[in-house]
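In our numbering, the protein residues as written are 1246 to 2074.
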């Protein structure tokens, strides 16, 4: 019974390792809660295997659990969420934030506080609702488990899944109650701010999550609630902002960037609302010419939301830096609409008044003052800055936020990205490069948000503007082209982090590009070509995954180093002991091997007459033991140490053995069992006896049941099957993993096995070199036929990983096998 339970945990442990390896090696984007849950289950399985081995052999391997605890501690330490506090303060004044207060107030608020404290630049006054308040809100409403449960089910590659989970998470927050202590803190801080200003003011409630406005910008992913004027409105706005932590776009961005949910708690910045005459974004490094010491100011009339949401084409003012900044170029944008505050302080989008049409939204004097602020910010932070600003009706300038400006390697691109003799027709020329690179694919024109569910992988998204909502399908996009927009928008900021080429403000994208056609987008050259230009895609300018070295992958690398590596290979080696284990995988391998030895050493424990495991004699050159647990062997064999195939009554065992002994399988000719050759290929030194348990295979048999552990060198097969008279009870479970060949050869063999299993009627899947197959139900004759074919398949493919070179060989061998060929020792046969 212990062995049966151990095998169940062993099977699940291998599945979990394969799933974790697939996520890690294929850089699959999942919420970190998925990793935590898989590790928790894996830890339980490994611990349970040790428990079952202890039941089978109570006095041996006592120190094995110490090694398990050590590895589990290292993994848990790396995966553990950061400690958090939900004690006061729940609010703090902007000018009282400590310099090390990032975890308390988030990136945006911390940056503004530093600007006020160190540079004395003009800022709106305000306060912050701290991350401690956020954690208290979550604890007060018991939301943590509900949030984690949903995050563990989230598939960010599926737009319906992303939208549905997002909706559930946001409803959890908005339907929850703000703790009275937090309500009092927010209302009291709001009243104090109004008294300080000595007038009725509006408040802008803005996100300030931990991690935001740092190297990871989270640009446009969270909600801002403008012009809140009532106390009750402050509380509602607070919940709206923290709920936006779970918008589809924010979830997608956070998970791709590799942060866990608990690592990005939401503080909320409450600052005085400025009735802006003009607003915009300043980049203190010029994207188009990184060698020149100049900065770019992007400006529109009214509030800045139309600009950062990609709906407006701004005025652009280029300013030369230096001791005395100087305007060197100004270009007018199309500013037909603006957002204003009315007399009731509500926000509205209205047409720009006639007297402002064609007039610069920022005068030269104000532009130079703003440029001076930008130079100070860049010098203070010692890197280029992305600065949001506004000017009120009295001409007073305010800095609204400052964060690192993501710079692409423009100089290198200029040197390596000159293309000549491109014959493809240019469909679009002009616009602004918002994110460098080259991408090609099928045009998908978006007319409404619901269209996003239909976007396929590798698409070139074409839209009227660069909406931040497109972030949630970023992994599907090879490039983006829009009619309007600006390099300063939130979507381009995120696209630069993801390495997706973006060309904005072309004016003609939706009318010049045909839905469903193939195009190549060269963002640096501001051109869109008809068709796929292969020479461009093969250049260094093509898109790159710029966030592959994420916090997620760094944590996974550390965790996997204690989960995945397998060092314990040879059970005969001196290192095959508990203190030779260096990973969960080693412990699983050790426990399984020792459990097998315990099970099949029963025959050596003489109690009256001989019982237990028997060596099977056959023409197949392998060491094989049989353990009968109920009418699996003839009674005449009961007192023998050895058995022959004629002694076996087990129907599934006889069927598999028939397949292994098919005349088309040439066991005697195969180099795998030329021991000197096997020594060179697999062991790389030393010698192996044919009696070595390294090659031992085992079978537990009854009349209609078989659990087969079959071993050829470094690959392993587990076959579990019932083949009886009740068709509804019959099944075959098949697992294959490992091999002595290189990784490529093992993957090709796995693909071949999957293909053959599916042709035999199995449900099959592979993860790395691990292959699983399932066949459920079927009468006894059918199950016996399938087991016969499994035997042939195992015999035919036992060293195939050594000489499979490419996918065409794998496909051809699958055809040959189904056609009756079972010997593949040489490629030419």
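Just so it is clear, CB atoms sit at the ideal spot from N, CA and C, and this is done for glycine as well. Everything numeric in this text was worked out from a predicted model, so none of it was measured.
DSSP places residue 1618 in the helix class (H, G or I) of the three-state scheme. With 16 or more neighbouring CB atoms inside 10 Å of its own CB, residue 1691 falls in the buried class.
By the neighbour-count criterion, in which a residue is buried when 16 or more other Cβ atoms sit within 10 angstroms of its Cβ, residue 1593 is exposed.
Proximity to residue 1987 across 2013, 1946, 1467 and 2003 peaks at 2013, based on C-alpha coordinates. Inter-residue distance for residue 1944 and residue 2002 is about 22 angstroms (C-alpha atoms, whole angstroms).
Judged by beta-carbon spacing, residue 1901 lies beyond the 9 angstroms limit of residue 1862, meaning their Cβ atoms are not closer than that value. Your pair residue 1432 and residue 1479 checks out as a contact, with CB atoms roughly 7 angstroms apart and the cut at 8 angstroms. For residue 1651, the closest of 1665, 1634, 1670 and 1630 by C-alpha to C-alpha distance is 1630. Under the three-state reduction of DSSP output, residue 1842 falls in the helix class. About 6 angstroms separates the beta carbons of residue 1612 and residue 1542, which is inside the 8 angstroms limit, making them a contact pair.
Ranking 1272, 1625 and 1477 by CA distance to the CA of residue 1363 puts 1625 first. Taking the CA atoms as reference points, residue 1566 sits about 5 angstroms from residue 1539. Closest by C-alpha distance to residue 1996, out of 1960, 2034, 2051 and 2030, is 2051. When DSSP assignments are scanned along the region 1474–1527, the uninterrupted stretches of alpha helix (DSSP H) that are 4 or more residues long and fall wholly within it turn out to be 1476–1488 and 1493–1502.
Residue 1730 and residue 1546 have their C-alpha atoms some 15 angstroms from each other.
DSSP places residue 1648 inside the beta strand (DSSP E), whose first and last residues are 1642–1649.
By a beta-carbon distance limit of 8 angstroms, residue 1514 does not contact residue 1606. Their separation comes to about 25 angstroms.
Judged by beta-carbon spacing, residue 1757 lies beyond the 9 angstroms limit of residue 1705, meaning their Cβ atoms are not closer than that value. No Cβ-Cβ contact shorter than 9 angstroms links residue 1376 with residue 1353. Cβ contact annotation for residue 1993 (same chain, cutoff 6 angstroms, sequence separation greater than five): 2049 and 2055, in chain order. Counting C-beta pairs with one atom in each stretch, the region 1439–1448 and the region 1467–1482 have three or more that are closer than 8 angstroms, which means they touch. Residues 1331 of the same chain have their beta carbon placed closer than 7 angstroms to that of residue 1384, with the five preceding and five following residues left out of the count. Annotation: residue 1811 to residue 1284 spans about 17 angstroms, alpha carbon to alpha carbon. By DSSP's assignment, residue 1631 forms a beta bridge with 1528 and 1648. Between the beta-carbon of residue 1859 and that of residue 1870 there is about 7 angstroms, and that keeps the pair under the 8 angstroms contact cut.
Rounded to the nearest angstrom, the gap between the Cα atoms of residue 1491 and residue 1582 is 30 angstroms. By the Cβ neighbour-count rule, residue 1580 is buried, with 16 or more other Cβ atoms within 10 Å of its own.
The beta carbons of residue 1664 and residue 1780 sit about 7 angstroms from each other, so the pair counts as a contact at 8 angstroms.
Exposed is the label assigned to residue 2053, since fewer than 16 other Cβ atoms lie within 10 Å of its Cβ.
Given a length threshold of 4 residues, each whole run of the alpha helix (DSSP H) inside the region 1676–1758 is given here in chain order: 1735–1743 and 1754–1757. Residue 1291 has its alpha-carbon roughly 29 angstroms from the corresponding atom of residue 1867. The DSSP-derived three-state label of residue 1770 is coil. One Cα belongs to residue 1306, the other to residue 1838, and the distance between them is close to 12 angstroms. Sequence-distant Cβ neighbours of residue 1759 in its own chain, meaning closer than 7 angstroms and more than five residues away, are 1688. The alpha-carbon separation between residue 1949 and residue 1270 amounts to approximately 40 angstroms.
In this structure, residue 1751 keeps its C-beta atom at 9 angstroms or more from the C-beta atom of residue 1684.
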